[in-house]
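Novice:
There are 2 protein chains.
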Amino acid sequence: MKERLYIYDTTLRDGQQTQDVQFSTDEKQQIARALDALGVDYIEGGWPGANPTDNAFFDAAPKTRAKMTAFGMTKRLGISAQNDDVLAAVMNAGTASVCLVGKAHEFHVTRALGITPDENLGLLRDSVGHLVASGREALFDAEHFFDGYKANPEYALSCLRTVLEAGARWIVLCDTNGGTLPVEVGRITAEVIAAGIPGDRLGIHTHDDTDNAVACTLAAVDAGARQIQGTLNGLGERCGNANLTALIPILLLKEPYASRYETGITPAALKTLTRTSRMLDEILNRVPQKQAAFVGASAFAHKAGLHASAILKDPSTYEHIEPATVGNTRIIPMSNQAGQSNLRRRLTEAGLDVAKGDPALARILEEVKAREAMGYAYDTAQASFELLAREALGQMPELFEVKRYRVTVERRKNKYNRMVSVSEAVVVVKVDGEKRLSVSESMDEDGNDRGPVNALSKALAKDLGQYSALIEDMRLIDFKVRITQGGTEAVTRVIIDSEDGQGNRWSTVGVSANIVDASFEALLDAIRWKLIRDLGA
Amino acid sequence: MKERLYIYDTTLRDGQQTQDVQFSTDEKQQIARALDALGVDYIEGGWPGANPTDNAFFDAAPKTRAKMTAFGMTKRLGISAQNDDVLAAVMNAGTASVCLVGKAHEFHVTRALGITPDENLGLLRDSVGHLVASGREALFDAEHFFDGYKANPEYALSCLRTVLEAGARWIVLCDTNGGTLPVEVGRITAEVIAAGIPGDRLGIHTHDDTDNAVACTLAAVDAGARQIQGTLNGLGERCGNANLTALIPILLLKEPYASRYETGITPAALKTLTRTSRMLDEILNRVPQKQAAFVGASAFAHKAGLHASAILKDPSTYEHIEPATVGNTRIIPMSNQAGQSNLRRRLTEAGLDVAKGDPALARILEEVKAREAMGYAYDTAQASFELLAREALGQMPELFEVKRYRVTVERRKNKYNRMVSVSEAVVVVKVDGEKRLSVSESMDEDGNDRGPVNALSKALAKDLGQYSALIEDMRLIDFKVRITQGGTEAVTRVIIDSEDGQGNRWSTVGVSANIVDASFEALLDAIRWKLIRDLGA
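Read top to bottom, the protein sequences are chains A and B.
No gaps in the numbering here: position 431 of the first sequence is 431 in UniProt numbering, and each next residue is one more.
No gaps in the numbering here: position 325 of the second sequence is 325 in UniProt numbering, and each next residue is one more.
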């Protein structure tokens with residue numbers, strides 16, 4: 001018989017305290033629906049009354065299976081719970097569950113609130129009592145609990161007992177400043193339970209200020225806490241909250257948790273975890289963290305040659321879980337540590353079959369190494385790697401040849417006396433023995449200059465004879481530039497990500513001291529890869 | 001009496017296994033010097049023989065107080081340690097310490113190596129024995145130790161005993177696939193010590209696949225391990241290695257570690273931690289992780305209104321350590337008084353005195369916010385910030401005006417039928433009421449094309465009338481390009497670092513959809529800052 005753990009998501013409330021993060025009402029609704037589909041038990045939607053976005057969200061909160069929860073703080077001194085307008089705004093959101101934060105640290109009671117410890121107990125009792133009398137499920141966030149317990153365990157415990165007696169369903173132990181380490185969280189949680197607060201009424205809320213938020217949460221669960229608070233992608237104040245994107249797969253897939261506990265999250269929903277994490281980054285317009293546990297693009301990327309060859313024999317050698325269980329995928333990148341078996345696998349994936357021991361393999365590895373020493377990077381630029389391999393194998397079809405190009409950037413005053421720029425590119429290619437000249441400029445539909453690489457890209461694509469139709473659905477989606485060391489000189493490395501109408505995405509690389517040349521090289525590779533793919537060459 | 005903990009950094013070896021990370025030899029040297037200044041005990045420099053960069057690094061490794069360590073693997077079967085060419089390459093690097101990775105998991109021995117468990121023990125004994133006989137300090141990385149111990153504790157322990165008897169100074173317990181959770185790492189480490197392997201010979205090497213690498217490391221230290229392996233910023237294979245940037249401040253500042261242990265890192269060196277972390281990101285041209293524990297830009301940023309006002313009363317309310325101890329700074333939202341006093345300090349540093357409450361302060365803050373929303377970044381580009389502030393204060397001297405420019409990049413065949421590029425720039429400036437035209441091309445002394453920005457930079461500097469003499473000692477030392485979001489469109493951000501003969505170094509920023517424009521803007525700012533500095537304007 002498994003014990004139930006409850007997942008409480010606070011992405012929409014504590015997650016919004018992340019620097020630079022500000023959700024719109026629409027975005028909050030979209031995230032709430034995603035959390036509900038994932039199967040969390042509680043969604044803390046915000047603080048009604050604290051800002052217009054949160055009010056608008058609760059006014060039109062999506063219907064969820066998860067318990068929608070409003071957040072607020074305990075009532076102030078000298079006013080009844082019924083008459084506290086801040087608390088009233090929280091109640092008016094009409095949620096079945098309400099979570100109130102209050103003090104459990106004597107120093108903060110006297111220092112920050114300026115009231116007596118007993119007066120604080122009164123606030124807690126009345127506030128939670130008010131929720132219960134109103135028929136709401138009551139949760140209490142015990143702010144600074146661990147620091148408070150260390151300073152004065154008796155007072156901290158008396159706060160918990162007070163809200164328990166007042167009828168709180170959950171008492172959440174908060175490590176508000178993120179400074180408590182896992183061993184201490186575990187010990188104090190166990191002492192709280194030994195002091196008479198039942199574990200199945202206890203929640204844990206940690207922050208990542210020492211990079212230990214996940215471990216602190218697990219330590220509290222080990223000690224007996226049964227509600228877990230956290231955020232998607234570890235959003236939150238300062239270094240963030242406990243990362244549910246890591247905690248959820250741990251609880252579902254790793255021992256001793258998987259055998260001991262159950263949650264509201266199904267194996268099928270777990271397979272959407274990576275997608276849900278990326279969706280949140282999309283909303284925030286953030287580059288997803290490649291190294292994120294479980295859901296990062298690098299989480300199952302095997303770069304070391306030794307690892308890559310072992311993975312080919314048996315994935316369990318270097319993977320602690322199967323990537324598909326969390327909706328992620330394995331990556332075996334090319335790099336100068338790559339071994340031949342890794343290389344063969346990559347070639348097979350590209351439709352290039354090379355027998356084991358073929359001398360071409362060593363030649364390709366040499367070429368990769370030599371070019372990486374010049375500044376190329378084939379980890380990401382898989383498509384350029386494929387072209388390089390084809391060249392080495394004599395399997396590179398004749399497509400077209402670029403004879404020359406010229407690109408001009410001019411900045412001057414326009415007729416309104418404002419400085420404006422325009423770029424113009426001329427490209428000369430030879431296709432099927434015929435020379436073709438194309439010219440393009442860099443303006444987008446709104447008349448804004450997009451620069452010389454844009455002009456070159458358009459001129460190059462403009463007339464490639466029989467191939468033009470094939471690249472019509474191609475689109476440049478990202479362009480990354482870094483200065484790197486190529487031999488003894490600093491050179492520019494450009495990586496271009498492209499996609500087409502068939503859903504293919506591919507990356508190519510160019511390197512030169514001249515940024516325009518480097519970009520052009522990556523562009524050319526992108527087009528060549530697409531043509532070979534479409535021609536089935 | 002405190003016990004000594006030893007910090008072993010593997011940024012240059014395991015850190016290089018990060019997807020998309022590839023250090024040049026120069027960068028490795030720069031990082032090694034920074035690690036040495038920080039005070040780590042060991043620097044694992046790479047795998048001699050595995051790739052040209054690592055060879056070049058060991059050929060000219062910087063002299064360090066830290067023990068420079070070469071990494072490799074145990075010898076192969078059927079060949080003596082003396083005759084194993086892979087091991088020989090590692091030995092030939094000539095480092096005083098050598099770390100060899102070998103198997104301690106019976107399944108991997110039989111499955112991945114295809115040899116018997118006893119044959120593996122022979123490899124371990126002979127390889128470590130060879131190091132010791134050659135007078136090297138021997139370290140042994142027990143790959144997959146925790147999984148191996150769970151599968152067959154007796155065999156895993158016999159591997160450790162074998163290398164201990166062969167004379168290994170350190171035996172490192174590696175959680176190679178990152179799947180072991182902290183409690184298990186603690187329990188197994190304690191069992192290893194109970195089985196007779198001394199804790200002061202044990203190291204711990206964890207990975208962040210469950211977001212628990214730091215906690216796993218602490219659990220091993222709690223159990224008695226005394227060497228800590230990790231990387232700066234948590235670089236490393238898949239989700240990364242244990243993050244030394246979090247572990248070091250925990251060990252130095254947090255209890256029970258601070259009272260119980262000592263390391264080679266001084267409080268003064270700890271104050272450089274944030275700077276060291278950012279330096280690594282600079283080298284990698286990565287955006288520093290704002291939410292990183294201790295060193296992230298958000299680590300001490302207090303966004304919640306309640307927190308911010310409490311912080312002003314007493315920082316200890318929401319900060320578990322003093323930010324300055326790790327060289328980081330507190331951030332209070334720009335809007336309030338603390339934001340303005342911060343700004344005044346920055347202006348004073350730039351020699352611009354502004355009285356408290358001057359309305360120009362709010363104006364500058366607004367301008368910074370608006371431009372940061374467009375993609376500018378003034379954290380690094382101090383010189384551009386200074387120019388912006390001068391403009392807002394009406395303290396920007398008239399220097400020169402750029403009327404227009406044109407830059408052309410041409411790629412075509414030269415007379416030897418090889419494709420070559422050349423860039424040419426024309427710049428028109430007005431100085432002292434007089435128009436001046438300059439033209440330059442992009443060839444360096446060796447006849448290599450350095451690209452359009454180089455040509456523009458030379459043309460701009462060529463004739464600035466009375467100012468030309470002042471900028472003669474100016475030199476562009478770095479050029480960083482990042483694609484970022486400016487409003488709704490992707491734009492290019494260029495940051496240029498310059499220096500002069502007086503030892504000044506300054507950074508400027510330019511933003512545009514056109515990379516040449518963005519570069520030109522940053523170049524212009526660099527020259528303006530230098531002129532103002534030299535003219536004492």
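Note that CB positions come from ideal geometry on N, CA and C, so glycine has one too.
I'd like the ranges of any alpha helix (DSSP H) spanning at least 4 consecutive residues and lying wholly in the stretch 166 to 212 of chain A.
Specialist: 182 to 194
Novice: Strictly by DSSP, which residues pair up with residue 437 of chain A?
Specialist: As a first step, residue 437 of chain A is located in the first sequence; it is residue number 437 there, counting from the start. In DSSP, residue 437 of chain A forms a bridge with A/428.
Novice: My output table needs one value for residue 217 of chain B: the three-state DSSP class, helix, strand or coil.
Specialist: Walking along the second sequence from the start, residue 217 of chain B turns up at place 217. The answer is helix: DSSP assigns residue 217 of chain B an H, G or I state.
Novice: Of all the options A/212, A/56, A/393, which has the alpha carbon lying nearest to the alpha carbon of residue 218 of chain B?
Specialist: Position 218 of the second sequence, counted from the start, is the residue given in the question as residue 218 of chain B. Minimum Cα distance to residue 218 of chain B is reached at A/212.
Novice: Nearest chain E C-beta to residue 174 of chain A closer than 9 angstroms, yes or no?
Specialist: Included in the structure are the protein chains A and B, with no chain E among them.
Novice: Flag residue 303 of chain A as yes if its beta-carbon sits less than 9 angstroms from any beta-carbon of chain B, otherwise no.
Specialist: For the purposes of this step, residue 303 of chain A is identified with residue 303 of the first sequence, where counting begins at 1. Chain B, which has a Cβ nearer than 9 angstroms to the Cβ of residue 303 of chain A, makes this yes.
Novice: Does any residue of chain A have a CB that is nearer than 9 angstroms to the CB of residue 182 of chain B?
Specialist: Locating residue 182 of chain B in the second sequence gives position 182, counting from the first residue. Chain A, which has a Cβ nearer than 9 angstroms to the Cβ of residue 182 of chain B, makes this yes.
Novice: Would you mind working out which of B/64, B/52, B/53 sits nearest residue 37 of chain B, comparing C-alpha positions?
Specialist: By 1-based counting over the second sequence, the position of residue 37 of chain B is 37. When only C-alpha atoms are compared, the closest one is B/64.
Novice: Residues in its own chain within less than 6 angstroms of residue 162 of chain B by CB, not counting five upstream and five downstream?
Specialist: Numbered from 1 along the second sequence, position 162 holds the residue referred to as residue 162 of chain B. Once the five neighbours on either side are set aside, the close Cβ partners of residue 162 of chain B are 121, 124, 125.
Novice: Taking 9 angstroms as the threshold (beta carbon to beta carbon), is residue 369 of chain B in contact with chain A?
Specialist: Taking the second sequence and counting its residues from 1, one reaches residue 369 of chain B at position 369. Chain A, which has no Cβ nearer than 9 angstroms to the Cβ of residue 369 of chain B, makes this no.
Novice: Go ahead and pull the three-state DSSP assignment for residue 525 of chain B.
Specialist: Residue mapping note: residue 525 of chain B aligns to position 525 of the second sequence, counting from 1. It is helical.
Novice: With three or more C-beta pairs closer than 8 angstroms as the rule, is the stretch 263 to 279 of chain A touching the stretch 314 to 328 of chain A?
Specialist: A contact exists between the stretch 314 to 328 of chain A and the stretch 263 to 279 of chain A.
Novice: How should residue 519 of chain B be labelled, buried or exposed, when 16 other C-beta atoms within 10 angstroms of its C-beta is the threshold for buried?
Specialist: In the second sequence, residue 519 of chain B corresponds to position 519, counting from 1. Its Cβ being crowded by 16 or more others within 10 Å, residue 519 of chain B is buried.
Novice: Label residue 24 of chain A either buried or exposed according to how many other C-beta atoms from any shown protein chain fall within 10 Å of its C-beta, with 16 as the threshold for buried.
Specialist: Along the first sequence, read from residue 1 onward, the residue named residue 24 of chain A stands at position 24. Its Cβ having fewer than 16 others within 10 Å, residue 24 of chain A is exposed.
Novice: How many angstroms separate the CA atom of residue 336 of chain A from the CA atom of residue 362 of chain A?
Specialist: Locating residue 336 of chain A in the first sequence gives position 336, counting from the first residue. Locating residue 362 of chain A in the first sequence gives position 362, counting from the first residue. Interpretation of residue 336 of chain A is limited by its pLDDT of 47, a score under 50 that renders its predicted location unreliable; no figure is taken from the coordinates.
Novice: Work out the CA separation of residue 388 of chain B and residue 367 of chain B for me, nearest whole Å.
Specialist: The residue given as residue 367 of chain B occupies position 367 in the second sequence. The residue given as residue 388 of chain B occupies position 388 in the second sequence. Their Cα atoms are separated by approximately 8 angstroms.
Novice: For residue 266 of chain A, which three-state DSSP category applies?
Specialist: Taking the first sequence and counting its residues from 1, one reaches residue 266 of chain A at position 266. Correct three-state label for residue 266 of chain A: coil.
Novice: What three-state label does DSSP hand residue 46 of chain B in the structure shown?
Specialist: To locate residue 46 of chain B, count along the second sequence from 1; it is residue 46. Strand.
Novice: At a cut of 8 angstroms, does the stretch 414 to 425 of chain A reach the stretch 14 to 22 of chain B through at least three beta carbon pairs?
Specialist: no
Novice: In chain A, which residues lie less than 8 angstroms from residue 300 of chain B when you measure between Cβ atoms?
Specialist: Position 300 of the second sequence holds residue 300 of chain B. Result: 238.
Novice: Do we get a CB-CB distance below 9 angstroms when we pair residue 216 of chain A with the residues of chain B?
Specialist: Walking along the first sequence from the start, residue 216 of chain A turns up at place 216. Chain B, which has a Cβ nearer than 9 angstroms to the Cβ of residue 216 of chain A, makes this yes.
Novice: Decide if residue 4 of chain B is buried, meaning its Cβ has at least 16 other Cβ atoms within 10 Å, or exposed.
Specialist: Taking the second sequence and counting its residues from 1, the one referred to as residue 4 of chain B is at position 4. Residue 4 of chain B counts as exposed, since fewer than 16 other beta carbons sit within 10 angstroms of its beta carbon.
Novice: Return the chain-ordered list of same chain residues with a C-beta closer than 6 angstroms to the C-beta of residue 57 of chain A, the five sequence neighbours on each side being excluded.
Specialist: What you label residue 57 of chain A is simply residue 57 of the first sequence in a count that begins at 1. Excluding positions up to five away in sequence, the list reads 25, 28, 45, 46.
Novice: Taking C-beta to C-beta, are residue 101 of chain B and residue 147 of chain B nearer than 9 angstroms?
Specialist: In the second sequence, residue 101 of chain B corresponds to position 101, counting from 1. In the second sequence, residue 147 of chain B corresponds to position 147, counting from 1. No, they are not a contact pair.
Novice: Looking at chain B, is there any beta carbon in it that lies within less than 9 angstroms of the beta carbon of residue 372 of chain A?
Specialist: Here residue 372 of chain A is taken as the residue at index 372 of the first sequence, counted from 1. Interface residue, yes.
Novice: Please specify which runs of the beta strand (DSSP E), each continuous and at least 3 residues long, are wholly inside the stretch 89 to 156 of chain B, giving them in chain order.
Specialist: 97 to 103, 137 to 143
Novice: In chain A, which residues lie less than 8 angstroms from residue 453 of chain B when you measure between Cβ atoms?
Specialist: Residue 453 of chain B sits at position 453 when you count from the first residue of the second sequence. The contacting residues are 515.
Novice: Report the neighbours of residue 155 of chain A on chain B: residues whose CB is nearer than 8 angstroms to its CB, in chain order.
Specialist: As a working mapping, residue 155 of chain A is identified with position 155 in the first sequence. Neighbours of residue 155 of chain A on chain B: none; closest Cβ ~17 angstroms, over 8 angstroms.
Novice: Could you tell me which chain A residues have their CB closer than 8 angstroms to the CB of residue 209 of chain B, listed as they occur along the chain?
Specialist: Translated into positions along the second sequence, residue 209 of chain B becomes position 209. Under the 8 angstroms cutoff, chain A gives 293, 294, 299, 320.
Novice: Beta carbons nearer than 8 angstroms to chain A: which residues of the stretch 468 to 483 of chain B have them?
Specialist: 478, 479, 480, 481, 482, 483
Novice: Starting from the C-beta of residue 247 of chain A, find all residues in its chain whose C-beta is less than 7 angstroms away, skip the five residues before and the five after it, and write them out in chain order.
Specialist: To locate residue 247 of chain A, count along the first sequence from 1; it is residue 247. Counting only Cβ-Cβ distances below 7 angstroms, and skipping sequence neighbours, we find 214, 217, 228, 230.
Novice: With a CB to CB cut of under 6 angstroms and the five nearest residues on each side skipped, what residues in its chain are close to residue 334 of chain B?
Specialist: Numbered from 1 along the second sequence, position 334 holds the residue referred to as residue 334 of chain B. Because residue 334 of chain B sits at a pLDDT of 47, beneath the cut-off of 50, its placement in the model cannot be relied upon, and the point is left open.
Novice: Report yes or no: do three or more beta-carbon pairs, one from the stretch 190 to 205 of chain B and one from the stretch 127 to 138 of chain B, lie closer than 8 angstroms?
Specialist: no
Novice: Less than 7 angstroms between C-beta atoms, sequence neighbours within five positions excluded: which residues of the same chain meet that for residue 41 of chain B?
Specialist: For the purposes of this step, residue 41 of chain B is identified with residue 41 of the second sequence, where counting begins at 1. 6, 7, 8, 66, 67, 264.
Novice: Indicate the three-state DSSP secondary structure (helix, strand or coil) for residue 16 of chain B in the structure shown.
Specialist: Counting from one through the second sequence, the residue named residue 16 of chain B turns up at place 16. In the structure shown, residue 16 of chain B sits in a helix (DSSP, three-state: H, G or I).
Novice: Bridge partners for residue 343 of chain B per DSSP, in chain order?
Specialist: Stepping through the second sequence from its first residue, residue 343 of chain B is reached at position 343. Bridge partners of residue 343 of chain B: none, in fact.
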